[in-house]
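Presented below is the structure to which this report refers.
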Amino acid sequence: MADEESTEVLSTGDLCRMFKVNRVTVNDWVAAEKLPEFKTLGGHLRFRRGELARFLKERGVPLPPELKSAVTRILIVDDEPSILNTLSRRIRARHPAAVVDTADNGVDAILKIGAKFPDILILDLIMPKMDGMEVIRRLHANPHAADIKILAMSGYTRDAAEVLKAGAHAFFRKGSDLADLLAALAAAMAPGVKA
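What follows is the structure, given as structure tokens:
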């Protein structure tokens with residue numbers, strides 16, 4: 002299995018093959034600020050796969066097959082360690098190719114999302130430091146986070162209407178709807194499912 006860095010970062014040559022263009026064209030795109038890039042310590046251009054995919058989506062450019070990641074990133078956010086452990090274990094067992102990360106509060110979730118956007122966010126609503134509703138509001142204020150599918154959960158069903166109105170894609174009662182949550186997760190991971 003390739004290490005995560007090699008699958009996340011693309012070279013100029015990778016882009017040339019992907020878009021069937023030469024290096025001059027890629028360099029022209031970078032010079033015209035048409036591609037998000039960074040330079041290695043050696044001065045080589047590199048492109049983060051996720052940033053490039055988001056950049057193209059924002060401009061309505063169809064994604065080449067190479068940018069359609071086969072790996073789904075899932076972030077589970079809950080202040081209860083038992084919920085984090087149970088969900089992580091069940092998701093990894095059902096979806097071994099998925100990359101599963103956890104956070105135990107909303108502030109850590111926002112930091113992790115900023116570092117590496119997940120495809121799917123499983124989010125508890127009642128947490129210390131920053132609750133799930135504030136996390137949803139902040140994500141919806143960020144156009145780069147628009148593709149994140151949010152599966153919210155709470156022990157209080159009164160939160161359902163409010164969280165769906167705020168922008169969550171689904172709501173589950175914590176503890177009792179685990180099978181439904183896992184089914185919704187599988188559906189959200191299916192190719193072609195839109196946020």
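All letters in the sequence shown, in the order written, are residues 2 to 196 by this note's numbering.
Every residue, glycine too, gets a C-beta built ideally from N, C-alpha and C.
Everything numeric in this text was worked out from a predicted model, so none of it was measured.
| Check | Outcome |
| --- | --- |
| Looking at the unbroken alpha helix (DSSP H) that takes in ASP102, where does it start and where does it end? | Here ASP102 belongs to no alpha helix (DSSP H); instead the beta strand (DSSP E) covers 100-104. |
| For ASP102 and LEU126, what's the separation of their Cα atoms in angstroms? | 18 Å |
| Tell me the rounded alpha-carbon separation between SER83 and PHE39. | 39 Å |
| May I ask you to report which of helix, strand or coil DSSP gives LEU122? | strand |
| Could you compute how far the alpha carbon of LEU76 sits from the alpha carbon of ALA99? | 10 Å |
| How many angstroms separate the CA atom of ALA214 from the CA atom of GLY168? | Because the chain here runs from 2 to 196, residue 214 falls outside it and cannot be looked at. |
| Per the contact definition of three or more C-beta pairs closer than 8 Å, is the segment 61-69 in contact with the segment 85-97? | no |
| By alpha-carbon positions, which one of THR41, LYS166, LEU42, LEU46 ends up nearest to GLU34? | LEU46 |
| Taking 9 Å as the threshold (C-beta atoms), are ILE151 and ALA171 in contact? | yes |
| Where do the ends of the beta strand (DSSP E) carrying ILE77 lie? | 74-78 |
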